[in-house]
Amino acid sequence: MEEKNLKISIAHLYPELLNLYGDMGNIITLIKRCEWRGIGVEFEQIHVGDQIKNHDLYFIGGGQDKQQEDVAQELYSHKSELTAQRDDGAVFLGICGGYQLFGHYYQPHDKDKLVGISLMDAYTIAGNKRFIGNVTVKTDFLTPSTLVGFENHSGLTYLEGDSKPLGIVSVGNGNNGKDGFEGGRYMNVFGTYLHGSLLPKNPHFADYLISLALEKRYGEKITLSSLDDKLEFDTHNSLINKAY
Ligand code: GLN
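The sequence shown begins at 559 in our numbering and counts up one residue at a time.
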């Protein structure tokens, strides 16, 4: 299928609450990498109180504990629709606080547990140390294999069941600083602690997500045309294994 005849629909969940450390840059990257190829994009911001329609790709950013509390209850009220979307192959990308809410719960230090929507089998408990700094991850599903980004979280996330990590940390802490894992994946649901924002300097991951969203919509694998990613990969490569 020619790219000019394709389109995907993208929803940004609660940008007014969870959009820390430039997470909006992920949405801009997804939209631009479609537009540069002539692929149509239907884009919708979802705010507290809105209905959530069917989309091919859902994005949610990170935020402080307070904003997470504001979002958790609202997100939980849409658990059944979003679970059905996951089961239908929709792509999800959650960053940090948003990632934590994709799991079963986030237990802050001295507050009530925030119940997640269990899109992936994982849980998060507040740690005693804040993990702040650059992160490099080695994946087994991307070419090049690396993902680079910036972490700033105290939550410690543990994967269970069929959830798989995005990859193994070579620099930084990742999910919990203990098991060497960063991020999580179940079906087409992806979560990660990598802020920065993530996708502008990981264009191969952005294209991977776009391809999955197109496959969900059209029911077949679609190979994307190449873009001139010299600037993006020069940036990516300059950050590999760079701690600070
Ligand atoms: N409040 C959560 C934590 O500190 C998430 C922070 C974030 O989204 N950067 O772990």
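Virtual Cβ for every residue (Gly too), placed ideally from N, Cα, C. Predicted model, so just to flag it, every value in this text is computed and none were measured.
Check: At which residues does the alpha helix (DSSP H) containing S728 begin and terminate?; Outcome: It is not in any alpha helix (DSSP H) - S728 instead sits in the beta strand (DSSP E) that spans 725-729.
Check: In the DSSP assignment, find the unbroken beta strand (DSSP E) run with T793 in it and report its ends.; Outcome: Note, T793: premise wrong, no beta strand (DSSP E); alpha helix (DSSP H) at 788-797.
Check: Between K774 and V649, how many whole angstroms is the CB-CB distance? I'm expecting something under 8 Å.; Outcome: 7 Å
Check: Are the CB atoms of T750 and L724 nearer to each other than 7 Å?; Outcome: yes
Check: If you follow the alpha helix (DSSP H) that T587 is part of, which residue opens it and which one closes it?; Outcome: 582-593
Check: If you drop the 5 nearest sequence neighbours on each side, which residues of the same chain put their C-beta closer than 6 Å to that of G596?; Outcome: E561, K562
Check: Is the beta carbon of G742 sitting closer than 7 Å to the one on I726?; Outcome: no
Check: By Cβ distance, which residues of its chain are closer than 8 Å to T781, with the 5 residues on each side in sequence left out?; Outcome: S769
Check: For V629, name the three-state secondary structure that DSSP assigns.; Outcome: helix
Check: What is the rounded straight-line gap between the Cα of E740 and the Cα of N686?; Outcome: 19 Å
Check: Excluding five sequence neighbours on each side, which residues of the same chain lie with their C-beta closer than 7 Å to the C-beta of Y766?; Outcome: L700
Check: Between the alpha carbons of K779 and M559, how many angstroms are there, rounded?; Outcome: 10 Å
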